[in-house]
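In full-length UniProt numbering, the protein residues as written are 1 to 253. Note that beta-carbon positions come from the ideal geometry of N, C-alpha and C, so glycine has one too. One structure is given here, and the rest of the page talks about it.
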């Protein structure tokens with residue numbers, strides 16, 4: 001990777017498109033479509049194994065993205081934190097001063113891996129920086145021995161692979177966190193939701209709170225959006241089940 005590759009014409013246009021598309025990746029399905037779509041121009045592959053965490057201590061987790069259905073035995077053989085195939089590749093990458101590693105799939109001895117990996121593999125990673133997690137990407141099923149061109153473009157795209165993967169992981173971590181409706185809704189929105197529970201119309205709620213029906217409608221639309229529900233009944237159910245509306249009832253007594 002000491003020699004640069006001339007990036008011009010179609011290569012330059014596709015590189016900019018690949019980088020631009022990566023910036024919008026925040027969800028798992030978006031990462032899959034990006035990796036199995038425009039990224040294929042630079043790194044044609046069948047399966048991509050993403051590893052992230054503390055690479056040197058092996059405190060990592062893995063995700064497999066493949067255009068084919070993978071055997072559970074393959075996933076285990078690739079990603080086991082102690083005996084999996086990815087860990088020796090990371091060790092080889094570290095020994096090579098973090099330069100890309102490639103090999104023929106014919107050299108793989110594990111039967112479960114050999115069934116899924118035809119052709120060649122190429123892997124590269126992004127080391128941890130300032131306490132952040134590192135990442136490592138193993139591309140399987142390349143149709144030809146990866147050369148300087150593939151290694152060069154993989155190096156160019158590595159920061160974008162790294163950031164797209166971590167945006168995906170951070171988004172999934174946020175989605176797994178329990179939502180606290182009380183911290184999501186404003187005091188006025190909680191008050192409006194309580195009157196909705198009591199069967200009041202927008203006009204009646206406006207009279208009670210001394211605001212216009214249009215303002216009430218806007219409050220309700222924000223409530224639906226914040227609680228990720230589609231109608232007033234669902235919003236009330238969320239408010240009741242979370243105990244959010246009990247405090248309003250107590251205040252009225």
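- In this structure, the CA atom of residue 108 is about 12 Å from the CA atom of residue 141.
- Pairwise C-beta distances place the region 187-196 in contact with the region 234-245, as three or more of them are shorter than 8 Å.
- Spatial neighbours of residue 101 in its own chain (CB-CB distance under 7 Å, excluding positions within 5 residues in sequence) are listed in chain order as 89, 92, 93 and 123.
- Assigned with DSSP and collapsed to three states, residue 48 falls in strand.
- Taking a contact to require three or more Cβ pairs closer than 8 Å, the region 143-163 and the region 197-209 do not qualify as touching.
- With contacts defined by Cβ atoms closer than 8 Å, residue 149 and residue 127 do not form a contacting pair.
- Cα atoms of residue 184 and residue 207: separation of roughly 25 Å, rounded to the nearest angstrom.
- The C-alpha of residue 40 lies about 51 Å from the C-alpha of residue 188.
- Taking the CA atoms as reference points, residue 5 sits about 7 Å from residue 152.
- DSSP places residue 27 in the coil class of the three-state scheme, outside both helix and strand.
- Within the region 127-201, the complete alpha helix (DSSP H) segments of 4 residues or longer fall at 148-176, 181-184 and 187-197, listed in chain order.
- With contacts defined as CB atoms closer than 8 Å, residue 19 and residue 139 fail to qualify as a contacting pair.
- The residue from 133, 96, 198 and 221 with its alpha-carbon nearest to that of residue 55 is 133.
- DSSP places residue 61 in the strand class (E or B) of the three-state scheme.
- In this structure, residue 162 sits away from residue 146, with a CB-CB distance that is not shorter than 8 Å.
- A Cβ-Cβ distance of about 27 Å is found for the pair residue 58 and residue 22, leaving them out of contact under the 8 Å criterion.
- By the neighbour-count definition (other C-beta atoms within 10 Å, threshold 16), residue 60 is a buried residue.
- Contact check for residue 26 against residue 167 passes: the beta carbons are separated by less than 8 Å.
- Under the three-state reduction of DSSP output, residue 117 falls in the coil class, being neither helix nor strand.
- Secondary structure at residue 7: coil, using DSSP grouped into helix, strand and coil.
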